[in-house]
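Asker: Chains as they are written, first to last, in the working numbering: chain R, 1 to 288; chain F, 1001 to 1270.
1. So residue 25 of chain R and residue 58 of chain R are in contact, right, with Cβ under 8 angstroms, and what is the actual spacing, rounded?
2. Residue 1171 of chain F touches chain R at which residues, Cβ-Cβ below 9 angstroms?
3. Just the chain F side, please: which residues come within less than 7 angstroms of residue 110 of chain R by C-beta, in chain order?
4. Please identify the residue among R:259, R:142, R:222 whose C-alpha is closest to the C-alpha of residue 202 of chain R.
5. Are the C-beta atoms of residue 1259 of chain F and some chain R residue less than 8 angstroms apart?
6. Below 8 angstroms, can you find three or more Cβ-Cβ pairs linking the region 196–213 of chain R to the region 122–141 of chain R?
7. Could you compute how far the alpha carbon of residue 1240 of chain F sits from the alpha carbon of residue 1196 of chain F?
8. Indicate whether at least one CB of chain C lies closer than 8 angstroms to the CB of residue 185 of chain R.
9. Name the DSSP beta bridge partners of residue 1238 of chain F, please?
10. Quick one: measure Cβ to Cβ for residue 80 of chain R and residue 114 of chain R, integer angstroms, because I've assumed they're closer than 8 angstroms.
11. Quick check on the burial criterion: 16 or more other C-beta atoms within 10 angstroms. Buried or exposed for residue 275 of chain R?
12. CB-CB under 6 angstroms to residue 218 of chain R, same chain, minus the five flanking residues each way: which ones, in chain order?
13. I'd like to know whether the C-beta atoms of residue 1276 of chain F and residue 1042 of chain F end up nearer to each other than 8 angstroms.
14. For residue 241 of chain R, which three-state DSSP category applies?
15. List, in chain order, every chain R residue whose beta-carbon is nearer than 9 angstroms to that of residue 1187 of chain F.
16. Near residue 207 of chain R, which residues of its chain fall below 8 angstroms by C-beta distance, leaving aside the five closest residues on each side in sequence?
17. Have a look at F:1218, F:1168, F:1145, F:1130 and flag the residue whose alpha-carbon is nearest the alpha-carbon of residue 1296 of chain F.
18. With 8 angstroms set as the bound, which would you pick, yes or no: does the beta-carbon of residue 33 of chain R sit closer than that to a beta-carbon of chain F?
19. Hey, residue 1096 of chain F and residue 1147 of chain F are a contact pair by Cβ (cut 8 angstroms); roughly how many whole angstroms apart?
20. To the nearest angstrom, how far is it from the Cα of residue 183 of chain R to the Cα of residue 216 of chain R?
21. Span of the alpha helix (DSSP H) holding residue 1070 of chain F?
22. Please confirm whether residue 172 of chain R has its beta-carbon closer than 8 angstroms to some beta-carbon of chain F.
23. To which residues of the same chain is residue 1200 of chain F closer than 6 angstroms at the C-beta, ignoring the five residues directly before and after it?
24. Determine, using beta carbons only, whether residue 1168 of chain F comes closer than 8 angstroms to chain R.
25. Contact criterion: CB-CB distance below 8 angstroms. Does residue 1100 of chain F meet it with respect to chain R?
26. In whole angstroms, give me the CA-to-CA distance for residue 1102 of chain F and residue 1110 of chain F.
27. Quick one: list the residues of chain F neighbouring residue 130 of chain R, beta-carbon separation under 8 angstroms, in chain order.
28. How about residue 108 of chain R and residue 228 of chain R: are their beta carbons less than 8 angstroms apart?
29. What would DSSP say about residue 1001 of chain F, mapped onto helix, strand or coil?
30. Just to confirm, is the Cβ distance from residue 1188 of chain F to residue 125 of chain R under 8 angstroms?
31. With a threshold of 16 other CB atoms inside 10 Å of the CB of residue 270 of chain R, please say whether the residue is buried or exposed.
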């Protein structure tokens, strides 16, 4: 089923693929999902996603790749329960998504940390909202995740005292501490510098190896999608539709070697770029 | 982290300069200012009728203190100011928050608030004197109306400009509608409220003086006004100095409260 919806680059097929290790239990399932917005100022309806059918498997790292404005964020917001589907269905664990829930948590591009809370309180924020901080072991859990993401010693710092990379560690810990099944990441490393970004990518893989979440990771960086993803969903824009799903059979753990030097990296990159090129050119021509 | 590392020992002179240097500079600065002032007036360059000698000013101040006039009048002004300004806070903050949060409340109260905001409050002074005479109540209302506006508008702006990404984050983590307000909107608005309160102090002081200039037989404003009528610049300047000192004191008090309540605010150095 996975291969059925996928056109593999020949070099990948020739290499035998590594899809055999992919977990196959579905967690998020979108069927013919269409999301429309009312645009107040223009008085038009914007179709952000159209006929979007996608299965996310439990435990996989799914990278969602597409040009700006293609509806990537719309999709992740829908999974988060912030946007109701206009048509079609979307389920988590077989149940329709009716709103946010503790089985899902999100990491945001611009961190979205509360500036009035210390790093520790920010990490505890979600847990506290869900009334779980005061339960026995709640505070210990917070501390455990603070240490897991490497924030020890910065517990009392306010977000404005932290670097971009450190802020995103807070954002990641805030999501992980609620121990969700699904971690939604909306271009989490887009706002940090390139060096920090590479470090954070490695850290993320290392952390996920311990926590074992299903991840839906939005990015507009092909390299990032390949470095992190088990599969890459390439989305075309206006309306957002799935162009192709590319499996990434690079062996894990990937932080232990230079993924860009792996012989499969370049063919996947070229294939993804080929898919995106027309999209991006079209957007540039439209002034997007 | 930096704060855990012990600072290397500094030479005594450097440490003393760091600690007392700024104060010393301010003292020298202000001292020079008064010395030049004294010289300009004493040399007859400017008439004493327009500018008193700083030493005369101090003498007047001492006289005001000794006769008990200063305290009676300051007490009168301070009482009116406190009552009026506390009312500004009590009404300004909740009304501002409500207007920011609810479109309905905004629509209902908006016209009155903006009409009052745009009208110079001084125009209303004769009205309150007509209604309430030269009573403290008239002054309190003028102080209240002057002080409440910046507090209300700032609080409202705070709610309206709440960072959408923070609301989104709270919603994703399951915040109820009530939690959105108590855990995001309110803390976000605190610095705005503080700014409004700080501006409100300035406006309320104007209200205080205006109300005392117009019709009063007591208060700081009255003393200043009377000194002007009596061609007594020394007393006038002494009272102005008292006013400056109390205003600076109030604003400084406000800043320190602000730092305590909102320690997360970035200090911006331009």
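All residues carry an ideal CB built from backbone N, CA and C; glycine is no exception.
Answerer: With the structure as the only source:
1. Along the first chain, one-based indexing puts residue 25 of chain R at 25. Along the first chain, one-based indexing puts residue 58 of chain R at 58. The Cβ separation is near 4 angstroms, so the contact holds.
2. Locating residue 1171 of chain F in the second chain gives position 171, counting from the first residue. In chain order: 80, 81, 82, 99, 100.
3. To locate residue 110 of chain R, count along the first chain from 1; it is residue 110. Under the 7 angstroms cutoff, chain F gives 1165.
4. Translated into the one-based positions of the first chain, residue 202 of chain R becomes position 202. The candidate whose alpha carbon is nearest that of residue 202 of chain R is R:259.
5. Within the second chain, numbered from 1, the residue matching residue 1259 of chain F stands at position 259. Answer no: the Cβ-Cβ gap between residue 1259 of chain F and chain R never drops below 8 angstroms.
6. no
7. Sequence index remark: in the second chain, residue 1240 of chain F carries index 240 (1-based). Sequence index remark: in the second chain, residue 1196 of chain F carries index 196 (1-based). Rounded to whole angstroms, residue 1240 of chain F to residue 1196 of chain F spans 25 angstroms at the Cα level.
8. Protein chains in the displayed structure are R and F, and chain C is not among them.
9. Residue numbering aside, residue 1238 of chain F sits at position 238 when the second chain is read from its first letter. Note: residue 1238 of chain F sits in no beta bridge, so no partner.
10. Here residue 80 of chain R refers to the residue found at position 80 of the first chain. Here residue 114 of chain R refers to the residue found at position 114 of the first chain. At roughly 18 angstroms, the Cβ-Cβ gap does not stay under 8 angstroms, so residue 80 of chain R and residue 114 of chain R are not in contact.
11. By one-based count along the first chain, residue 275 of chain R stands at place 275. It counts as buried.
12. Numbered from its first residue, the first chain carries residue 218 of chain R at position 218. If we look at residue 218 of chain R and ignore the five residues flanking it on each side, its Cβ neighbours are 64, 72, 76, 186, 187.
13. Since the first residue shown for chain F is 1001 and the last is 1270, residue 1276 of chain F is missing from the structure and cannot be characterised.
14. In the first chain, the residue the question calls residue 241 of chain R occupies position 241. Note: residue 241 of chain R maps to strand in three-state DSSP.
15. Indexing the second chain from 1 puts residue 1187 of chain F at position 187. The answer, in chain order, is 114, 115, 116, 117.
16. On the first chain, residue 207 of chain R is found 207 positions in, with the first residue counted as 1. The beta carbon of residue 207 of chain R lies closer than 8 angstroms to those of 148, 149, 172, 176 in the same chain, with the five residues before and after it left out.
17. The structure shown has nothing for residue 1296 of chain F, since chain F only spans 1001 to 1270.
18. Walking along the first chain from the start, residue 33 of chain R turns up at place 33. No, residue 33 of chain R does not count as interfacial toward chain F.
19. Looking up residue 1096 of chain F in the second chain gives position 96. Looking up residue 1147 of chain F in the second chain gives position 147. With a Cβ gap of about 13 angstroms, residue 1096 of chain F and residue 1147 of chain F do not count as contacting.
20. In the first chain, the residue the question calls residue 183 of chain R occupies position 183. In the first chain, the residue the question calls residue 216 of chain R occupies position 216. Approximately 6 angstroms between the Cα atoms of the pair.
21. Position 70 of the second chain, counted from the start, is the residue given in the question as residue 1070 of chain F. Looking at the DSSP string, the run of the alpha helix (DSSP H) that includes residue 1070 of chain F is 1069–1101.
22. Counted from its first residue, the first chain places residue 172 of chain R at position 172. Closer than 8 angstroms: no.
23. Numbered from 1 along the second chain, position 200 holds the residue referred to as residue 1200 of chain F. Correct list, in chain order: 1088, 1147, 1150, 1151.
24. Translated into the one-based positions of the second chain, residue 1168 of chain F becomes position 168. True, the Cβ-Cβ gap to chain R drops below 8 angstroms.
25. In the second chain, the residue the question calls residue 1100 of chain F occupies position 100. So no, residue 1100 of chain F is outside the interface.
26. Position 102 of the second chain, counted from the first residue, corresponds to residue 1102 of chain F. Position 110 of the second chain, counted from the first residue, corresponds to residue 1110 of chain F. Spanning the two alpha carbons is a distance of roughly 11 angstroms.
27. Translated into positions along the first chain, residue 130 of chain R becomes position 130. Going along chain F in sequence order, the residues near residue 130 of chain R (Cβ under 8 angstroms) are 1173, 1174.
28. Taking the first chain and counting its residues from 1, one reaches residue 108 of chain R at position 108. Taking the first chain and counting its residues from 1, one reaches residue 228 of chain R at position 228. No. Outside cutoff.
29. Translated into positions along the second chain, residue 1001 of chain F becomes position 1. Confidence at residue 1001 of chain F is low in this model, with a pLDDT of 43, below 50, so the placement of that residue should be treated as unreliable; the coordinate-derived value is given next. In the structure shown, residue 1001 of chain F sits in coil (DSSP, three-state: anything other than H, G, I, E or B).
30. As a working mapping, residue 1188 of chain F is identified with position 188 in the second chain. As a working mapping, residue 125 of chain R is identified with position 125 in the first chain. Against a cut-off of 8 angstroms, the Cβ pair of residue 125 of chain R and residue 1188 of chain F comes out as no contact.
31. Walking along the first chain from the start, residue 270 of chain R turns up at place 270. Exposed: under 16 other Cβ atoms inside 10 Å.
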